[in-house]
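Chemist:
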Amino acid sequence: MAGRRGALIVLEGMDRAGKTTQGRKLVAALLEAGHTAELLRFPERSTEIGKLLGSYLEKKNNMEDHTVHLLFSANRWEQVPLIKEKLSRGVTLVVDRYAFSGVAFTSAKELSSVEAAKRGDFGNERYENNVFQEKALQRFYQLMKDDSLNWKTIDASKNIEDLHKEIYSLSEETIQMAQETPVGELWK
Ligand code: FDM
Ligand code: MG
2 MAGRRGALIV LEGMDRAGKT TQGRKLVAAL LEAGHTAELL RFPERSTEIG
52 KLLGSYLEKK NNMEDHTVHL LFSANRWEQV PLIKEKLSRG VTLVVDRYAF
102 SGVAFTSAKE LSSVEAAKRG DFGNERYENN VFQEKALQRF YQLMKDDSLN
152 WKTIDASKNI EDLHKEIYSL SEETIQMAQE TPVGELWK
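For the sequence shown, this note's numbering puts the final residue at 189, and the numbers step up evenly by one.
(1) For ligand 1, is there a heavy atom less than 7 Å away from the beta-carbon of D16?
(2) Does the Cβ of E13 have 16 or more other Cβ atoms within 10 Å, making it buried, or fewer, making it exposed?
(3) Helix or strand or just coil, what does DSSP make of D16?
(4) Could you check the C-alpha separation between K166 and Y57 for me, to the nearest Å?
(5) Which class does R90 belong to by DSSP, given the choice of helix, strand or coil?
(6) Would you kindly work out how many angstroms separate the C-alpha atoms of S170 and L164, rounded to a whole number?
(7) Please determine, among Q177, K136 and G185, the residue with the shortest C-alpha to C-alpha distance to S149.
(8) Grab me the residues of W152's own chain with a C-beta within less than 7 Å of its C-beta, minus the 5 sequence neighbours each way, in chain order.
(9) Does ligand 1 have even one heavy atom less than 7 Å from the beta-carbon of Y142?
(10) So who's on the other strand from V11, going by DSSP bridges?
(11) Starting from the Cα of S47, find the closest Cα among E135, R77 and Q177 and give me that residue.
(12) According to DSSP, D42 sits in a beta bridge with which residue or residues?
(13) With DSSP run on the structure shown, which of helix, strand or coil describes Y142?
(14) With a threshold of 8 Å on Cβ separation, who are the neighbours of A117 within its own chain once the five nearest residues in sequence on each side are excluded?
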């Protein structure tokens, strides 16, 4: 239908919560149901800035904290024209992490100068440890107090299919709601 905009559906949460799995399944189901939908992820590691972030996360380079923060931010801004264009064309975007991760992870870092945390079953990338993840999670809860953003909290301990059904039905509602709301700007 002409004039329909797409919804911006952001999946945030701790590492290994299942955001990537659920994002892929959500896009597939939305396409199946006849929506136009695409998956985006941040950091988007394929761009020049994204490559720097990829090496940083893999601990292949070191960067000053503010610099890294701004690179994560720049890595989103470089996609903003594309994001706006897609939303206005009616493409629903499912985004695996967004600016909330930017705030949560940077501020978790400011809270913990010593990162000597024990490793659980996390991977080997920077930030992949329990102490750090817990701090980032607390920041996510603070950010979710902004109810202008229509946050839904989902229990990631459920099984993949049940979670998918829940996320899918919330997404259908969100896509309907988005049509009555012009594309806005975050934190303005
Ligand atoms: N991350 C992600 C940040 O620190 N800032 C950001 O702005 C974004 C988008 O990068 F530890 C962190 C969060 C996570 C890592 O991991 C990316 P995944 O597994 O690719 O999501
Ligand atoms: Mg990860």
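For glycine and all other residues, C-beta sits at the position ideal for the given N, C-alpha and C. None of these values were measured; they are calculated from a predicted model.
Modeler: Once the coordinates are examined:
(1) yes
(2) buried
(3) coil
(4) 35 Å
(5) coil
(6) 10 Å
(7) G185
(8) M145
(9) No - ligand 1 has no heavy atom lying nearer than 7 Å to the Cβ of Y142.
(10) V96
(11) R77
(12) For clarity, residue 42 is Arg in the given sequence; the question names Asp instead. Answer by DSSP bridge pairing, in chain order: D97.
(13) helix
(14) Its pLDDT being 44, under 50, A117 is placed unreliably by the model, and nothing is read from it.
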